[in-house]
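Protein chains: 2
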Amino acid sequence: MDLEKIRVVQYGCGKMSKFTLRYLYEHGAQIVGAIDNNPAVIGQDVGDYAGLGTKVGTIISDDADRVLDDTDPDIAVMTLFSLVSDIYPHVIKCVERGINVVTTCEEAIYPWTTSAALTNQIDTIAKETDCTVTGSGMQDIYWINVIASVAGGVNRIDRIEGAVSYNVEDYGLALARVHGVDMTPDEFEQKLAHPDDIVPSYVWNSNEALVNRFGWTLRSNRQENVPYIAEQDTYSSTMGKTIPAGKVIGMSTVVTTETFQGPVIVTSQIGKVYGPDEGDLATWRILGEPDCEFELKKPDTPRHTCATMINRIPTVIDAPAGYVTAEKLRQVEYLSYPMQLYVGGGIW
Amino acid sequence: MDLEKIRVVQYGCGKMSKFTLRYLYEHGAQIVGAIDNNPAVIGQDVGDYAGLGTKVGTIISDDADRVLDDTDPDIAVMTLFSLVSDIYPHVIKCVERGINVVTTCEEAIYPWTTSAALTNQIDTIAKETDCTVTGSGMQDIYWINVIASVAGGVNRIDRIEGAVSYNVEDYGLALARVHGVDMTPDEFEQKLAHPDDIVPSYVWNSNEALVNRFGWTLRSNRQENVPYIAEQDTYSSTMGKTIPAGKVIGMSTVVTTETFQGPVIVTSQIGKVYGPDEGDLATWRILGEPDCEFELKKPDTPRHTCATMINRIPTVIDAPAGYVTAEKLRQVEYLSYPMQLYVGGGIW
Numbered sequence: 001m002d003l004e005k006i007r008v009v010q011y012g013c014g015k016m017s018k019f020t021l022r023y024l025y026e027h028g029a030q031i032v033g034a035i036d037n038n039p040a041v042i043g044q045d046v047g048d049y050a051g052l053g054t055k056v057g058t059i060i061s062d063d064a065d066r067v068l069d070d071t072d073p074d075i076a077v078m079t080l081f082s083l084v085s086d087i088y089p090h091v092i093k094c095v096e097r098g099i100n101v102v103t104t105c106e107e108a109i110y111p112w113t114t115s116a117a118l119t120n121q122i123d124t125i126a127k128e129t130d131c132t133v134t135g136s137g138m139q140d141i142y143w144i145n146v147i148a149s150v151a152g153g154v155n156r157i158d159r160i161e162g163a164v165s166y167n168v169e170d171y172g173l174a175l176a177r178v179h180g181v182d183m184t185p186d187e188f189e190q191k192l193a194h195p196d197d198i199v200p201s202y203v204w205n206s207n208e209a210l211v212n213r214f215g216w217t218l219r220s221n222r223q224e225n226v227p228y229i230a231e232q233d234t235y236s237s238t239m240g241k242t243i244p245a246g247k248v249i250g251m252s253t254v255v256t257t258e259t260f261q262g263p264v265i266v267t268s269q270i271g272k273v274y275g276p277d278e279g280d281l282a283t284w285r286i287l288g289e290p291d292c293e294f295e296l297k298k299p300d301t302p303r304h305t306c307a308t309m310i311n312r313i314p315t316v317i318d319a320p321a322g323y324v325t326a327e328k329l330r331q332v333e334y335l336s337y338p339m340q341l342y343v344g345g346g347i348w
Numbered sequence: 349m350d351l352e353k354i355r356v357v358q359y360g361c362g363k364m365s366k367f368t369l370r371y372l373y374e375h376g377a378q379i380v381g382a383i384d385n386n387p388a389v390i391g392q393d394v395g396d397y398a399g400l401g402t403k404v405g406t407i408i409s410d411d412a413d414r415v416l417d418d419t420d421p422d423i424a425v426m427t428l429f430s431l432v433s434d435i436y437p438h439v440i441k442c443v444e445r446g447i448n449v450v451t452t453c454e455e456a457i458y459p460w461t462t463s464a465a466l467t468n469q470i471d472t473i474a475k476e477t478d479c480t481v482t483g484s485g486m487q488d489i490y491w492i493n494v495i496a497s498v499a500g501g502v503n504r505i506d507r508i509e510g511a512v513s514y515n516v517e518d519y520g521l522a523l524a525r526v527h528g529v530d531m532t533p534d535e536f537e538q539k540l541a542h543p544d545d546i547v548p549s550y551v552w553n554s555n556e557a558l559v560n561r562f563g564w565t566l567r568s569n570r571q572e573n574v575p576y577i578a579e580q581d582t583y584s585s586t587m588g589k590t591i592p593a594g595k596v597i598g599m600s601t602v603v604t605t606e607t608f609q610g611p612v613i614v615t616s617q618i619g620k621v622y623g624p625d626e627g628d629l630a631t632w633r634i635l636g637e638p639d640c641e642f643e644l645k646k647p648d649t650p651r652h653t654c655a656t657m658i659n660r661i662p663t664v665i666d667a668p669a670g671y672v673t674a675e676k677l678r679q680v681e682y683l684s685y686p687m688q689l690y691v692g693g694g695i696w
């Protein structure tokens, strides 16, 4: 048994990293580097920054090359951006040095078709340098692998329906506007229902991962924007006003995924102004024999995302080289013990 | 790739076997034998018996030894009884011949402490003859392995709380009486709350499996009977009367499981007279960081149990020899393809 600690660089020291740094620390990782370009955090000890109650001796730096050259990390925990094109240069810095990467980047959960060229470039370099790149977070478990777990008790799947959500209030005015908040249904239909360019939503990628998780092949993906109409007057702090019943309070991006084997996956990603008792949604139905429905109630999306990332580390380190999406990896396990015990066939 | 079909003996041709036989048939198993001692079914072709729309050529027989001697099954699907002491002689007939067994027997999900001697005897013989015995069904996934899947996105577990249920109306008058139906709370307290002999409930076994699934060790198990009081008048067809609000309509068997590592598991197995809109429950909370709660809504327990059993077959065939409980096996997978593809490293 190898009791060497797992060495980690935290790549991106924003809001999410306060969770990931603490979770790493609690599970016995050695935080050897931390990278961010925000002047407000550069120069801070990560122990102070993340409120660990102790200094770790590792200082947040904006010189990514220097951090990666002067440390010997097993893996970078990358909490940056939502698109593969944005994380690409940062991932390349890691994989050129043979450093594994696990990232919260939402598209990275299954970017094989939405960013095929970049993903294949990363895959090629990672195979040359013998490291692994994986996207993880909330979707890894609650939009993909738990659905597969639940389906283990199902005889026949005809259709899978999912609904996941986030609160538009958490992301500022620009996002509220592109979600149609305060529009009439007619305005929404004219301006947002039929965009010229479809930007694949996060559930586009997670649906593709589900298709591969079940061993099916993709026939088609179709995405629609559907307005979410207020059933009652709803106050939006972002808009600074009450949205009256009958107007739009957000939208649902519905991705319908067909497979050549028959089963269809329809997942709605809902961004709306939450009412006072609402929380995030993760509700799934499997239609077949038997039908079944399950719900994760008001999940704490940031903490689940960060816990999943950290719990993923042993399986990424143990994975074959290349860009390996999460649905192909060993199941992510709760870490009952310090994480090094889960690497290399220790506990799992 | 080995395209030899999986050969199966259906051991027990009662209510559940109508599902398991059809699921086996749909997933490409070869049903080579069928055993039951009920005169009403002996002599029937299993295709006729299970409504497959075709004869299979295999006749239900009450001569278990003859069936097992005259066929070469890879596995017996045993849908008999709830206690290991009851299935024991039937399991022995299989393992002495080197035939794998998967069984719905509820105690069999984790019988290492509740039936230690018999389980170790089965384990010893199975290792001599190179076959595997596993208990499966609803609990395998929805009381054990899905909890582990969901926990993959949790940083720290302090406590796990579960509630599962069944309808007392489905099991006759004797069961309704031992569940205290129509008693006053005082009568329940005197007659049922403190039994002299505690018969471990099914969640006693599944809690122990959960402890092992997370790599913890068992400090103690405690079981209590708690009355379920009617909040409104509730008609019981089994009792042939309406139970007034304030009287008992069933009971909850609560098992509290402590571990040496700290986490506590408290699972309630509820047997009560259902109201018109009620269904089976499988609700779980993980308390820690973050807290999370998930619910399988009104699960179709018989179909989930039977689908899980059949989907389990490839992992039981591939398992090491011995009595191998389900929490130690590879994850049970939905069978997108005929089941032989999942054995021996084909698809998984």
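These protein sequence lines are chains F and B, in that order. If you're matching positions, the first sequence starts at 1 in our numbering and goes up one per residue. If you're matching positions, the second sequence starts at 349 in our numbering and goes up one per residue. The C-beta atom is built at its ideal place from N, Cα and C for all residues, glycine as well.
First and last residue of the uninterrupted alpha helix (DSSP H) at residue i
| i | result |
| --- | --- |
| K539(B) | 533 to 539 |
| D88(F) | As written in the sequence, residue 88(F) is Tyr, which differs from the Asp given in the question. From DSSP, the alpha helix (DSSP H) with Y88(F) extends over 84 to 96. |
| K15(F) | 15 to 26 |
| A412(B) | 412 to 418 |
Three-state class that DSSP yields for residue i in the structure shown
| i | result |
| --- | --- |
| L466(B) | helix |
| C406(F) | Look at the range of chain F in this structure, 1 to 348, and you will see that residue 406(F) is not part of it. |
| Q392(B) | coil |
| Y166(F) | strand |
| N560(B) | helix |
| W552(B) | helix |
| M587(B) | coil |
| S149(F) | helix |
| A321(F) | coil |
| D172(F) | The identity of residue 172(F) in the sequence shown is Gly, whereas the question assumes Asp. Correct three-state label for G172(F): helix. |
| Q232(F) | coil |
| Y359(B) | strand |
| Q30(F) | strand |
| D506(B) | strand |
| T54(F) | coil |
| V664(B) | helix |
| T283(F) | strand |
| K645(B) | strand |
| I35(F) | strand |
Residue i - containing beta strand (DSSP E), residue span
| i | result |
| --- | --- |
| N225(F) | 218 to 229 |
| E606(B) | 596 to 607 |
| I546(B) | Taken as a continuous stretch (DSSP letters only), I546(B) belongs to no beta strand (DSSP E), as it is neither H nor E. |
| I613(B) | 612 to 620 |
| I354(F) | Residue 354(F) falls outside the range modelled here, since chain F spans only 1 to 348, and no answer is possible. |
| T480(B) | 480 to 483 |
Pair within 8 Å by beta-carbon distance, residue i and residue j
| i | j | result |
| --- | --- | --- |
| L118(F) | R97(F) | no |
| I390(B) | D396(B) | no |
| S220(F) | E258(F) | yes |
| V264(F) | R159(F) | yes |
| A312(B) | L369(B) | Any property of residue 312(B) remains undetermined from this structure, which presents chain B solely from 349 to 696. |
| D530(B) | K595(B) | yes |
| I408(B) | C361(B) | yes |
| M251(F) | H179(F) | yes |
| A630(B) | V551(B) | no |
| A674(B) | A557(B) | yes |
Proximity test, residue i beta-carbon vs the ligand NAP heavy atom, cut-off 7 Å
| i | result |
| --- | --- |
| D62(F) | Among the components of this structure there are no ligands whatsoever, and the ligand NAP is therefore not found. |
Own chain partners of residue i with C-beta closer than 6 Å, once the 5 adjacent residues on each side are dropped
| i | result |
| --- | --- |
| T649(B) | M486, D628 |
| D123(F) | G322, Y323 |
Same chain only: Cβ atoms within 7 Å of residue i, ignoring 5 sequence neighbours per side
| i | result |
| --- | --- |
| S85(F) | S115, L118 |
| F19(F) | P302, R303, C306 |
| H375(B) | I658, L683, P686, M687 |
| P73(F) | R7, V8, V9, V32, G33, I99 |
Cutoff 8 Å; reference residue i; Cβ partners in own chain excluding five residues on either side
| i | result |
| --- | --- |
| T656(B) | S484, G485, M486, D488, I489, V680 |
| D478(B) | G446, A669 |
| S554(B) | I457, Y458, Q487, W491, I492, T615 |
Within chain D, partners of residue i - CB distance below 9 Å
| i | result |
| --- | --- |
| I157(F) | The chain inventory of the structure shown lacks chain D, comprising the protein chains F and B. |
> For the stretch 668 to 684 of chain B, which residues have a beta carbon sitting closer than 7 Å to at least one beta carbon of chain F?
Replying inline: For the stretch 668 to 684 of chain B, which is checked against every Cβ of chain F, the residues closer than 7 Å are Q679, V680, E681, Y682, S684.
>> Can you pull out the residues from the stretch 447 to 459 of chain B whose beta carbon lies closer than 9 Å to at least one beta carbon of chain F?
In response: Among the residues of the stretch 447 to 459 of chain B, none has a Cβ less than 9 Å away from any Cβ of chain F.
>> Against chain B, which members of the stretch 12 to 43 of chain F pass a CB distance test of less than 9 Å?
In response: For the stretch 12 to 43 of chain F, which is checked against every Cβ of chain B, the residues closer than 9 Å are F19, R22, Y23, E26, H27.
> What are the residues of the stretch 207 to 221 of chain F that lie near chain B, defined by any Cβ-Cβ distance shorter than 7 Å?
Replying inline: For the stretch 207 to 221 of chain F, residues whose beta-carbon sits nearer than 7 Å to a beta-carbon of chain B comprise F214, G215, W216.
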